[in-house]
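*Asks:* Pasting a structure below so you can have a look.
There are 2 protein chains.
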Amino acid sequence: MIRLNKMTDYAVVMLSHMAGDHGKVVTAARIALDSGVPLPSVSKLLKQLGKANILISHRGAGGGYSLGRAAKNISVAEIVTALEGPIALTACIDGADTSCGSLPLCAMSGHWNQVNRAIEGALQGVSLADMMPRPFAFKPASDELRLEIKTGVQQADIKPETQITRAP
Amino acid sequence: MIRLNKMTDYAVVMLSHMAGDHGKVVTAARIALDSGVPLPSVSKLLKQLGKANILISHRGAGGGYSLGRAAKNISVAEIVTALEGPIALTACIDGADTSCGSLPLCAMSGHWNQVNRAIEGALQGVSLADMMPRPFAFKPASDELRLEIKTGVQQADIKPETQITRAP
DNA sequence: CATATACAGGACCAAAATGGTACTGTTTAA
DNA sequence: TTAAACAGTACCATTTTGGTCCTGTATATG
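Structure, rendered in structure tokens:
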């Protein structure tokens, strides 16, 4: 399975949490708490997203991070690119005629590019706003679910053993 | 960068080599030699591709592998799926309501699916035939290039140091 | 029928990538 | 001035990946 790494997954989770209180400045620690993503990773990710101008960092006391733009103007493609570099499927990529050690024999690059572009398009078509969780608090599926939310159990805190599965 | 792993990359290289002599039965050892992919990996990959009905295996003396279908009827999506499982971007995938440990909190799955489907579409749109190298032998770019081909230097044999780059 | 050839299916290991840790700056609000 | 919070960097542990090795089974051929 082609997969984004955990970090990128984390980033989307974090960002969609931040998009909730749009524009507000939040500390890394707060985000870690809210999203359940381990603090060191949160802080590493926030730095990267800051550099990529997806977030604005506010230094000093009372500082933190805030979204640089409205969630609907931040594409998933941008997030992925910020964290994993250019969207592409193999090492044989991009016009970059330096990367692939076998240009004369491996003439596939053009076609991989076609695939890559399609993928990039797909990621560009989805914005952070599209990825945001629905506001459960207003429409809890059950008492049990509401309890989970109130006790602050979040994504990364839920171990496979204690997994909550939606009834069929 | 989102990337297929080396194995899948190898597989496409191998398969496109096989598609050259279409239908012919070739041994794993021969393919390894031709494509420059290490034999153990070749053999592992061929087994997997056989199971997925992309290749037909012929056991016993004089055996080997042959393409199960014409190259143009084998999609890249199929190859990827055979080797890496279902095409999807995160663990939060597929209707499969067992995989994600945070269904009630992570309501993104639907949107990831949208992205995933687009990617699968992109991969399905490219066939093995599309990925095949053009027949250089008939149209060598230079004497040097022809030499390389004659001496059997292939993709994986070319080290970065001895990289052949096409003149601009 | 005997035998060499080739695939089938494991268990297993080493190297690389990933995710997580720790620590030492630097900036800034109060 | 001080404490809060980000910036940057080096480092380590774990997991994943790619590759090895070995034993078993099928089959063409002499």
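If you're matching them up, the sequences are chains A and B in order. First residue of the first sequence? That's 1 in our numbering, and the numbers climb one at a time after it. First residue of the second sequence? That's 1001 in our numbering, and the numbers climb one at a time after it. Cβ atoms here follow ideal geometry from the backbone N, Cα and C, with glycine treated the same way.
Using a C-beta to C-beta distance shorter than 8 Å, which residues of chain A count as neighbours of B/Leu-1067?
*Replies:* Position 67 of the second sequence, counted from the first residue, corresponds to residue 1067 of chain B. Those do not exist, as B/Leu-1067 stays about 17 Å from chain A at its closest Cβ, beyond 8 Å.
*Asks:* For A/Arg-69, which option in A/Ala-122, A/Lys-24, A/Ala-61 has the closest C-alpha, if you only look at C-alpha atoms?
*Replies:* On the first sequence, residue 69 of chain A is found 69 positions in, with the first residue counted as 1. When only C-alpha atoms are compared, the closest one is A/Lys-24.
*Asks:* With distance defined between alpha-carbon atoms, name the residue in B/Val-1037, B/Ile-1079, B/Gly-1060 nearest to B/Leu-948.
*Replies:* Here chain B covers residues 1001 to 1168 and nothing more, so residue 948 of chain B does not appear.
*Asks:* Can you tell me whether B/Met-1007 is helix, strand or coil according to DSSP?
*Replies:* Your numbering for residue 1007 of chain B matches position 7 in the second sequence. Here B/Met-1007 sits in helix by DSSP.
*Asks:* Straight-line CA distance for B/Pro-1104 to B/Gly-1125?
*Replies:* The count along the second sequence starts at 1 and reaches residue 1104 of chain B at position 104. The count along the second sequence starts at 1 and reaches residue 1125 of chain B at position 125. Confidence is the limiting factor: at B/Pro-1104 the pLDDT is only 39, short of 50, which leaves the residue's position unreliable and the question unanswerable from this model.
*Asks:* What ranges does the alpha helix (DSSP H) occupy inside the segment 22–50 of chain A, keeping only unbroken runs of at least 4 residues that lie completely in it?
*Replies:* Taking only runs of at least 4 residues, the alpha helix (DSSP H) segments lying wholly in the segment 22–50 of chain A are 28–35.
*Asks:* When the Cα atoms are used, what is the spatial distance from B/Thr-1174 to B/Ala-1052?
*Replies:* Because chain B spans 1001 through 1168 in this model, residue 1174 of chain B falls outside it and cannot be assessed.
*Asks:* For B/Gly-1121, does the three-state DSSP call read helix, strand or coil?
*Replies:* The residue labelled residue 1121 of chain B in the question sits at position 121 within the second sequence. In the structure shown, B/Gly-1121 sits in a helix (DSSP, three-state: H, G or I).
*Asks:* Does any CB atom of chain B fall closer than 8 Å to the CB of A/Val-37?
*Replies:* Locating residue 37 of chain A in the first sequence gives position 37, where the first residue counts as 1. With 8 Å as the cut-off, A/Val-37 does not count as an interface residue toward chain B.
*Asks:* Using alpha carbons as the reference points, say which of A/Lys-47, A/Ile-74, A/Ser-35 lies closest to A/Val-13.
*Replies:* Within the first sequence, residue 13 of chain A is the residue found at index 13, counting from 1. For the residues A/Lys-47, A/Ile-74, A/Ser-35, the minimum Cα distance to A/Val-13 belongs to A/Ser-35.
*Asks:* Which residues in chain A have a C-beta closer than 8 Å to the C-beta of B/Ile-1074? List them in chain order.
*Replies:* Here the question's residue 1074 of chain B lines up with position 74 in the second sequence. Near B/Ile-1074 there are no residues of chain A at all, since even the closest Cβ is about 14 Å away, more than 8 Å.
*Asks:* In whole angstroms, what is the alpha-carbon distance linking A/Ser-16 and A/Ile-56?
*Replies:* As a first step, residue 16 of chain A is located in the first sequence; it is residue number 16 there, counting from the start. As a first step, residue 56 of chain A is located in the first sequence; it is residue number 56 there, counting from the start. Answer to the nearest angstrom: the Cα atoms are 15 Å apart.
*Asks:* For A/Thr-8, which residues in the same chain have their Cβ closer than 8 Å to its Cβ, ignoring the five residues on either side in sequence?
*Replies:* By one-based count along the first sequence, residue 8 of chain A stands at place 8. If we look at A/Thr-8 and ignore the five residues flanking it on each side, its Cβ neighbours are Ile-79, Val-80, Leu-83, Glu-84.
*Asks:* Taking the alpha helix (DSSP H) that A/Ile-79 falls in, what are its first and last residues?
*Replies:* Residue numbering aside, residue 79 of chain A sits at position 79 when the first sequence is read from its first letter. Unbroken alpha helix (DSSP H) run through A/Ile-79: 76–84.
*Asks:* Near A/His-58, which residues of its chain fall below 6 Å by C-beta distance, leaving aside the five closest residues on each side in sequence?
*Replies:* Mapped onto the first sequence, residue 58 of chain A falls at position 58. Taken in chain order, the residues that qualify are Val-25, Gly-64.
*Asks:* Assign A/Leu-39 to buried or exposed, taking buried as 16 or more other Cβ atoms, counted over all protein chains shown, within 10 Å of its Cβ.
*Replies:* As a working mapping, residue 39 of chain A is identified with position 39 in the first sequence. Burial call: exposed.
*Asks:* Using a C-beta to C-beta distance shorter than 9 Å, which residues of chain B count as neighbours of A/Ile-119?
*Replies:* Taking the first residue of the first sequence as position 1, residue 119 of chain A is located at position 119. Ordered by position in chain B, the residues that pass the 9 Å Cβ test against A/Ile-119 are Ile-1002, Val-1115, Ala-1118, Ile-1119, Ala-1122, Leu-1123.
*Asks:* Report yes if the C-beta distance between B/Met-1131 and B/Leu-1067 is below 8 Å; otherwise report no.
*Replies:* Indexing the second sequence from 1 puts residue 1131 of chain B at position 131. Indexing the second sequence from 1 puts residue 1067 of chain B at position 67. No. Outside cutoff.
*Asks:* Going by the DSSP bridge assignment, what does B/His-1058 pair with across the sheet?
*Replies:* Residue 1058 of chain B sits at position 58 when you count from the first residue of the second sequence. Its beta-bridge partners are B/Gly-1064.
*Asks:* Taking buried to mean at least 16 other C-beta atoms within 10 Å of its own C-beta, is B/Ser-1142 buried or exposed?
*Replies:* Within the second sequence, the letter at position 142 stands for residue 1142 of chain B. Low confidence applies to B/Ser-1142: its pLDDT is 29, below 50, so where it sits in the model is not reliable, and the reading given next is rough at best. Result: exposed.
*Asks:* Just grab the DSSP bridge partners of A/Ser-16 for me.
*Replies:* Here residue 16 of chain A corresponds to residue number 16 of the first sequence, with the count starting at 1. None, per the DSSP bridge assignment.
*Asks:* Using CA atoms only, rank isn't needed, just tell me which of B/Asn-1116, B/Asn-1113, B/Ala-1011 is closest to B/Leu-1046.
*Replies:* Translated into positions along the second sequence, residue 1046 of chain B becomes position 46. Among B/Asn-1116, B/Asn-1113, B/Ala-1011, the Cα nearest to that of B/Leu-1046 is on B/Ala-1011.
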